[in-house]
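Colleague:
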Amino acid sequence: MAEISFEDFLKVDIRVGTVLRAEPFPEARKPAIKLWIDFGDEIGERKTSAQITAHYTPDALVGKQVMAVVNFPPRQIGPFMSEVLVLGLPDATGEIVLIGPDGPVPKGGRMH
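In this text, residue positions in the sequence shown follow the UniProt record's numbering: the first is 1, and each later residue adds one.
Here's what the structure looks like:
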């Protein structure tokens, strides 16, 4: 990977949000879940889809705090408009595990 400056890093707005709603996304090419995430008063509610069905069910995601990039332009994913990119890491088999705080934090907090 190419090296970036600290100023480049600061351009990526990564915030914590709380999943308000989650539902299956059967129209997606690969199994996915649609998420509605509350990022607090400054950013509000944003939606996205994520290929996280190996480790999560929609019901288990409601109330979970997740990290997401909130300043990418919206992207059309089939019939659904994705407004943020939730962040995760691959497990040993390549399935995504979401990144989030290990304790409760206020919605909308920016990653430092």
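For every residue, glycine included, the Cβ atom is placed at its ideal position computed from N, Cα and C.
Following the continuous alpha helix (DSSP H) through D38, name the residue where it begins and the one where it ends.
Modeller: Reading the sequence shown from its first residue, position 38 is the one you call residue 38. Per DSSP, D38 belongs to no alpha helix (DSSP H); it is in the beta strand (DSSP E), I33 to D38.
Colleague: Sort out for me which residues DSSP pairs K64 with in a bridge.
Modeller: The sequence position of residue 64 within the sequence shown is 64, counting from 1. Paired residues: none, contrary to the question.
Colleague: On the premise that T18 lies in contact with G63, defined as a C-beta separation below 8 Å, what is that separation, rounded to the nearest angstrom?
Modeller: Within the sequence shown, numbered from 1, the residue matching residue 63 stands at position 63. Within the sequence shown, numbered from 1, the residue matching residue 18 stands at position 18. At roughly 7 Å, the Cβ-Cβ gap stays under 8 Å, so G63 and T18 are in contact.
Colleague: What's the C-alpha gap between L85 and D41?
Modeller: Taking the sequence shown and counting its residues from 1, the one referred to as residue 85 is at position 85. Taking the sequence shown and counting its residues from 1, the one referred to as residue 41 is at position 41. Answer to the nearest angstrom: the Cα atoms are 19 Å apart.
Colleague: I think Q65 touches G108, with their Cβ atoms under 8 Å apart; what is that distance to the nearest whole Å?
Modeller: Translated into positions along the sequence shown, residue 65 becomes position 65. Translated into positions along the sequence shown, residue 108 becomes position 108. 11 Å between Cβ atoms; not a contact.
Colleague: Apart from the five residues on each side of it in sequence, which residues of its chain come closer than 6 Å, Cβ to Cβ, to L20?
Modeller: For this step, residue 20 is matched to residue 20 along the sequence shown. So the list reads W36 and D38, once near-sequence residues are dropped.
Colleague: Using DSSP bridges, identify the partner residues of S5.
Modeller: Looking up residue 5 in the sequence shown gives position 5. None; S5 has no bridge partner.
Colleague: Which value, in whole angstroms, describes the spacing of the CA atoms of L61 and I43?
Modeller: Taking the first residue of the sequence shown as position 1, residue 61 is located at position 61. Taking the first residue of the sequence shown as position 1, residue 43 is located at position 43. Near 20 Å, if we compare the C-alpha coordinates of I43 and L61.
Colleague: Tell me the rounded alpha-carbon separation between P73 and E83.
Modeller: In the sequence shown, the residue the question calls residue 73 occupies position 73. In the sequence shown, the residue the question calls residue 83 occupies position 83. Rounded to whole angstroms, P73 to E83 spans 7 Å at the Cα level.
Colleague: Express the C-alpha separation of R110 and F80 in angstroms, rounding to a whole number.
Modeller: Here residue 80 is taken as the residue at index 80 of the sequence shown, counted from 1. Here residue 110 is taken as the residue at index 110 of the sequence shown, counted from 1. Going by the C-alpha atoms only, they are around 26 Å apart.
Colleague: Where DSSP assigns a beta bridge to L89, which residues make up the other side?
Modeller: Here residue 89 refers to the residue found at position 89 of the sequence shown. Its beta-bridge partners are V97.
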